[in-house]
Ligand code: PLP
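Numbering (the working numbering), first residue to last: 3 to 383.
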């Protein structure tokens with residue numbers, strides 16, 4: 003067989019999916035595994051949204067649409083961000099958009115600043131694009147967030163873009179608007195792109211789904227690309243729909259990739275999302291409240307252990323736990339699964355060892371059971 007490309011040989015599969023597969027396999031073998039690996043709320047999609055999807059099927063409105071989404075949906079999203087439809091592209095989830103964006107914004111050899119902890123897929127997306135990640139560790143000392151100064155120090159002549167994820171997967175932190183503005187201002191001075199991944203923006207516990215673009219001046223906006231998704235906010239992960247807001251030239255460039263490699267997003271998902279945006283101008287509060295309750299509960303239990311700490315969850319689905327100094331997160335995770343049947347993701351998968359990520363994806367009684375088991379695990383260490 004001929005050799006596969008050099009590029010693909012250095013790409014690793016998502017460690018989170020690999021852990022989820024392992025947890026599922028153990029469950030199938032009869033082990034009472036509580037799987038807290040993958041970020042899905044498990045909550046139902048709001049009724050209006052589901053009905054709109056079903057309606058589009060019944061009306062047979064299921065053909066190809068325009069590559070970057072229907073005019074109605076782009077217009078609606080544009081209104082949300084205070085831009086015209088030409089600044090919006092819709093595609094098959096934020097993953098497709100982010101992966102395509104890195105190809106659009108970088109050339110092979112360029113560097114992309116990636117604050118850690120980072121969502122593990124960014125690193126591989128950067129590498130697939132032929133660029134190189136510059137990991138910027140942001141630990142507990144900086145509340146798991148980069149500052150503009152830290153970004154400045156990590157910047158070299160080869161830097162082409164910075165990735166900022168808020169609310170952050172895995173840290174659960176929200177980057178304050180003033181900080182986003184400082185980083186955007188630096189990026190605009192240096193002439194580099196700022197990619198803001200707001201895939202969890204509808205799960206900001208303060209209830210304010212801040213539009214970061216509204217905080218920026220024209221020069222800062224020109225270098226900023228905002229990405230978001232219906233996967234978490236509307237619990238629509240399997241519907242595969244997300245969007246991007248950027249300068250029209252970035253949107254046109256993205257559409258060149260979509261038209262050749264992805265096609266349009268699902269017509270059904272687009273109809274459903276349009277209804278969702280009309281019904282919930284901010285985001286469905288029920289889903290956000292449930293995530294807040296779950297993460298608040300888990301964070302409280304983590305602090306009660308007396309040996310583990312975590313930042314206050316401010317948004318998203320996760321609690322990021324700092325292990326006692328010197329603990330190896332990989333063996334901790336492995337042993338937790340072996341001894342107590344709890345599956346979590348080691349911080350190493352997010353570029354920050356010494357931590358674990360707990361996805362608060364199960365109802366409260368199961369999370370309580372998981373935290374009880376964690377207490378027993380710690381007691382036996
Ligand atoms: N961005 C972040 C930070 C994520 O955690 C995820 C999914 O877990 C995505 C993007 C991808 O979302 P989508 O389902 O829209 O592809």
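Just so you know, even glycine gets a beta-carbon here, dropped at the ideal spot from N, CA and C.
The structure displayed is predicted, hence computed values, not measured ones.
For residue 189, which residues of its own chain have a beta-carbon under 7 angstroms away from its beta-carbon, when the five flanking residues on both sides are left out?
-> 164, 195, 196, 225
Buried or exposed (CB count within 10 angstroms, at least 16 for buried), residue 290 = buried
Using 10 angstroms around the beta-carbon of residue 331, count the other beta-carbons present and answer buried if the total reaches 16, otherwise exposed.
-> buried
Please report how far the alpha carbon of residue 275 lies from the alpha carbon of residue 12, in whole angstroms.
-> 36 angstroms
Assess, as a yes-or-no matter, whether the segment 202-217 is touched by the segment 81-99 under the definition of 3 or more beta carbon pairs within less than 8 angstroms.
-> yes
If residue 150 sits next to residue 137, beta carbons under 8 angstroms apart, how far is it from one beta carbon to the other, in whole angstroms?
-> Between residue 137 and residue 150 the Cβ distance is about 17 angstroms, and since that is not below 8 angstroms, they are no contact.
Going by DSSP, name the residue or residues bridged to residue 136.
-> 115
With respect to the alpha helix (DSSP H) encompassing residue 312, which residues constitute its N-terminal and C-terminal limits?
-> First-last for residue 312: undefined, no H or E at that position.
Given residue 59, which residues of its chain have a CB within under 8 angstroms of its CB, disregarding the five upstream and five downstream residues?
-> 270
Quick one: does the C-beta of residue 95 sit closer than 7 angstroms to a heavy atom of ligand 1?
-> yes
Take the Cβ of residue 30 as the centre, count every other Cβ of all protein chains shown within 10 Å, and call the residue buried at 16 or more, exposed below.
-> exposed
CA-to-CA distance, residue 297 to residue 18, given in whole angstroms = 19 angstroms
Ligand 1 heavy atom lying under 7 angstroms from the CB of residue 171 | yes
For residue 121, which of helix, strand or coil comes out of DSSP?
-> coil
Compute every distance between the C-beta of residue 23 and the non-hydrogen atoms of ligand 1, then say whether any falls below 7 angstroms.
-> no
Would you call residue 257 buried or exposed, if buried means 16 or more other Cβ atoms sit within 10 Å of its Cβ?
-> buried
Note down the Cα distance separating residue 86 from residue 253, rounded to an integer number of angstroms.
-> 12 angstroms
Return helix, strand or coil for residue 195, following the three-state DSSP convention.
-> strand
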